[in-house]
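Protein chains: 2
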Amino acid sequence: MSVGLEIPANLLSIKGIRLAVTSANIYVEKRNDLTLIEISESSAVSAVFTNNLFCAAPVKLAKKNLEKSEPRYLLINAGNANAGTGKQGIINASNICERLSELTSCQETEVLPFSTGVIGEHLPVEKINEALPIIIENLSNDNWLEAAKAIMTTDTIPKAVSSQLSIDGLTVSITGVAKGAGMIRPDMATMLSFVATDANISKSLLDKILSSAVNQSFNRITIDGDTSTNDACVIISTGRANNSLIDSSDNVNYLALENAVLKVCRELAQAIVRDGEGATKFITIDVSGGKDSEECLKVAYKIAESPLVKTAFTASDANWGRILAAVGNSGISDLDVDKVDIHLDDVCIVKNGGRCESYTEADGKKIMSQDEIRLSVKLDRGLSMEEIWTTDLSHEYITINAEYRT
Amino acid sequence: MSVGLEIPANLLSIKGIRLAVTSANIYVEKRNDLTLIEISESSAVSAVFTNNLFCAAPVKLAKKNLEKSEPRYLLINAGNANAGTGKQGIINASNICERLSELTSCQETEVLPFSTGVIGEHLPVEKINEALPIIIENLSNDNWLEAAKAIMTTDTIPKAVSSQLSIDGLTVSITGVAKGAGMIRPDMATMLSFVATDANISKSLLDKILSSAVNQSFNRITIDGDTSTNDACVIISTGRANNSLIDSSDNVNYLALENAVLKVCRELAQAIVRDGEGATKFITIDVSGGKDSEECLKVAYKIAESPLVKTAFTASDANWGRILAAVGNSGISDLDVDKVDIHLDDVCIVKNGGRCESYTEADGKKIMSQDEIRLSVKLDRGLSMEEIWTTDLSHEYITINAEYRT
Numbered sequence: 001m002s003v004g005l006e007i008p009a010n011l012l013s014i015k016g017i018r019l020a021v022t023s024a025n026i027y028v029e030k031r032n033d034l035t036l037i038e039i040s041e042s043s044a045v046s047a048v049f050t051n052n053l054f055c056a057a058p059v060k061l062a063k064k065n066l067e068k069s070e071p072r073y074l075l076i077n078a079g080n081a082n083a084g085t086g087k088q089g090i091i092n093a094s095n096i097c098e099r100l101s102e103l104t105s106c107q108e109t110e111v112l113p114f115s116t117g118v119i120g121e122h123l124p125v126e127k128i129n130e131a132l133p134i135i136i137e138n139l140s141n142d143n144w145l146e147a148a149k150a151i152m153t154t155d156t157i158p159k160a161v162s163s164q165l166s167i168d169g170l171t172v173s174i175t176g177v178a179k180g181a182g183m184i185r186p187d188m189a190t191m192l193s194f195v196a197t198d199a200n201i202s203k204s205l206l207d208k209i210l211s212s213a214v215n216q217s218f219n220r221i222t223i224d225g226d227t228s229t230n231d232a233c234v235i236i237s238t239g240r241a242n243n244s245l246i247d248s249s250d251n252v253n254y255l256a257l258e259n260a261v262l263k264v265c266r267e268l269a270q271a272i273v274r275d276g277e278g279a280t281k282f283i284t285i286d287v288s289g290g291k292d293s294e295e296c297l298k299v300a301y302k303i304a305e306s307p308l309v310k311t312a313f314t315a316s317d318a319n320w321g322r323i324l325a326a327v328g329n330s331g332i333s334d335l336d337v338d339k340v341d342i343h344l345d346d347v348c349i350v351k352n353g354g355r356c357e358s359y360t361e362a363d364g365k366k367i368m369s370q371d372e373i374r375l376s377v378k379l380d381r382g383l384s385m386e387e388i389w390t391t392d393l394s395h396e397y398i399t400i401n402a403e404y405r406t
Numbered sequence: 001m002s003v004g005l006e007i008p009a010n011l012l013s014i015k016g017i018r019l020a021v022t023s024a025n026i027y028v029e030k031r032n033d034l035t036l037i038e039i040s041e042s043s044a045v046s047a048v049f050t051n052n053l054f055c056a057a058p059v060k061l062a063k064k065n066l067e068k069s070e071p072r073y074l075l076i077n078a079g080n081a082n083a084g085t086g087k088q089g090i091i092n093a094s095n096i097c098e099r100l101s102e103l104t105s106c107q108e109t110e111v112l113p114f115s116t117g118v119i120g121e122h123l124p125v126e127k128i129n130e131a132l133p134i135i136i137e138n139l140s141n142d143n144w145l146e147a148a149k150a151i152m153t154t155d156t157i158p159k160a161v162s163s164q165l166s167i168d169g170l171t172v173s174i175t176g177v178a179k180g181a182g183m184i185r186p187d188m189a190t191m192l193s194f195v196a197t198d199a200n201i202s203k204s205l206l207d208k209i210l211s212s213a214v215n216q217s218f219n220r221i222t223i224d225g226d227t228s229t230n231d232a233c234v235i236i237s238t239g240r241a242n243n244s245l246i247d248s249s250d251n252v253n254y255l256a257l258e259n260a261v262l263k264v265c266r267e268l269a270q271a272i273v274r275d276g277e278g279a280t281k282f283i284t285i286d287v288s289g290g291k292d293s294e295e296c297l298k299v300a301y302k303i304a305e306s307p308l309v310k311t312a313f314t315a316s317d318a319n320w321g322r323i324l325a326a327v328g329n330s331g332i333s334d335l336d337v338d339k340v341d342i343h344l345d346d347v348c349i350v351k352n353g354g355r356c357e358s359y360t361e362a363d364g365k366k367i368m369s370q371d372e373i374r375l376s377v378k379l380d381r382g383l384s385m386e387e388i389w390t391t392d393l394s395h396e397y398i399t400i401n402a403e404y405r406t
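Line order of the protein sequences matches chains W and P. Per the numbering used here, the first sequence starts with residue 1, numbered consecutively. Per the numbering used here, the second sequence starts with residue 1, numbered consecutively.
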């Protein structure tokens, strides 16, 4: 079940990037669960990782390797998170990186490992190592969709987006993949997302683009309020579009590329929400009129993560009392509740802190029955606004999460 | 569905307190939905209310009246929260208080109104006023169980507790009722709780007892993380036990009474959790070894309110990875995760931040299959500890909250 998503089509290959997938038999029912992304030399790579203190072994190792070398390979497995696995987890993650480096004649630190799946079980190192020679043989420019599929866990549909823009009259391409579905309330990123462009850009500006794009995309979604142990988002620029290097003197092209990457990341982030565990609705929550961004986000997340609001969305019940109660609980001590307005799409449901006089249950029900809903809260105390995306809370969510391991 | 609760038996009447219930026809299917508590003259009354900024009209009025007079009547309706009802809500709450004061020849400010039920619909003032003469006629010493039933909304079982202690060789009694079920994560109290004792105690010490008892009972429970607009807890001391006044010079009797009231409040608070919407498990979470109380509570609530942890409890799945991820997300930036131990009852599941070596899935499953489970987290960084109570997240919760108004 997903809201408004289709299998991605027309994905663009990125010059300088090759991908491959195979089955390492991590899942009981055989499927592609191993993905390799090969990055051409002299590319730039930026990455951000989960803020969860119990971060997984591959996250620890990827961070360490990233400090030492420019990555040449990203090695991603689904079905096992290699989290909560202690020292053995680090040894196991190192082991597969080392084996890959031997087979590809690169440095071990030029491999970044990523894992997603069940927490607390040891990585099946032998199975992965056995699959490495095969996956290296399969490397190809046009495996983006296969990669999007192979990194899925409880996702029901692959998520991938491509975009193009013109820089210096040259065509620059961007393609990204992501997976999500549960344990999604990134402090930083979705569980896993990999974005590549052939743009030629300095490493420091690539870092800046990643930080800015993630903040306005993956950091604006919540499904269940839980932040994963394995979240990571990586962006690669290969420079093969051959545009003249975008550096700090070239603000026009920087902004054009930033905007294009942001759009790709936002679409991927929204796709994660649209395919959220048990999602039956795609809900945009915007909070405006706040004193600062932080208080707008406080209100937005309090609404988005209230089980009572979420179940009202599932029921298509315009239960504005629950929304209002969530606003009242958002921790802004000097909020003047008598100034708060709330709209569902263009229907005013709360005016000046109380039920809007023109509001009818029929109007509310009509909007709430849609697959896609915008909930707007106006605080009338400042000029800041923020927007986040979330889903409802359905029986399906319970079924998925009460049965995931069994 | 509730966990380990039975219909309360052997409730003690409290000298100086009379109660009555009737139907004001607020519910479509006729049931007792109106409760009146009469308090004898020269009693002391303390109350605490919700911190939700969108507090309901009766909460606003009750707070105001409490500042002006010693209450003689508590008038409680179920089925309508009179919240999000603007100025008309206040007028309506005043109206029923005024009518009751006329009929009982007291001051309007001597009546405190309480409402619980659906948010955003206007109070059926006529229906309530019509029922007032009847309810006054029904006042009796021994209607505590009837009151516990009449204040219920989505509760499945009435909640009431009695206790006795000896002060000055005289018997002092305490009886309390409570209702809860959903929108339960009190910043202050459960949705509604009324506790009375015939002890003779100064008003200032009664305030102190209420504050201390609520903090260690109703403020330690969470079902869904939502704080209601209508939460209130009231304690009444009638003085009719005729013990010599407990004041600041009498620490021994103060502590004895405080302890007895705390036990009553804790049992009522736990009963609210045991009857939480869709609850299939009663879960105690204790966090010890924290630097202060606040960080212990942060960890405890992060675990208790994680939908992934809650659904694992529903599934009897000892998914310690989800618990560990919640601890890692609790916002203690300098937590050393390698020192964290986690137990389910007496089974060690996490040792030094990783899976405990002696742990087996069978051991975990055995504990998780119980109706009542203790989850203990040791942080090993200080001497503070806190304990809270919560439930799991089941299909039944979704059903109740996706269908409550329809």
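Beta carbons: idealized from backbone N, C-alpha and C, even for Gly.
Residue-level contact to chain P via CB, residue i, 8 Å cutoff
i, result
"residue 354(W)", "yes"
"residue 119(W)", "yes"
"residue 324(W)", "yes"
Residues that residue i contacts on chain W, provided the C-beta gap is smaller than 7 Å
i, result
"residue 394(P)", "398"
"residue 328(P)", "52, 53, 54, 229"
Chain W residues whose Cβ lies nearer than 8 Å to that of residue i
i, result
"residue 401(P)", "307, 308, 311, 312, 315"
"residue 321(P)", "81, 83, 84, 118, 119, 120, 229"
Beta-bridge pairing of residue i - partner residues as DSSP gives them
i, result
"residue 316(W)", "Paired residues: none, contrary to the question."
"residue 46(P)", "235(P)"
"residue 78(W)", "116(W)"
"residue 194(P)", "177(P), 234(P)"
"residue 374(W)", "284(W)"
Residue i in three-state terms, based on DSSP
i, result
"residue 291(W)", "coil"
"residue 456(P)", "A question about residue 456(P) goes unanswered here, because the residues of chain P that appear run from 1 up to 406."
"residue 388(P)", "strand"
"residue 218(P)", "helix"
"residue 164(P)", "strand"
"residue 286(P)", "strand"
"residue 395(W)", "helix"
"residue 131(W)", "helix"
"residue 425(P)", "Since the first residue of chain P shown is 1 and the last is 406, residue 425(P) is not available in this structure."
"residue 171(W)", "strand"
"residue 104(P)", "helix"
"residue 355(W)", "strand"
"residue 14(W)", "coil"
Closer than 8 Å to chain W by CB, residue i
i, result
"residue 85(P)", "yes"
"residue 337(P)", "yes"
"residue 406(P)", "Note on residue 406(P): pLDDT 38, under 50, position unreliable in the model; the coordinate value appears next. Answer yes: the Cβ-Cβ gap between residue 406(P) and chain W drops below 8 Å somewhere."
"residue 126(P)", "no"
Any C-beta of chain A under 8 Å from that of residue i
i, result
"residue 20(P)", "Note that chain A does not occur in the displayed structure, where the protein chains are W and P."
Start-end ranges of the beta strand (DSSP E) lying completely within the segment 252 to 287 of chain P, minimum 3 residues:
none
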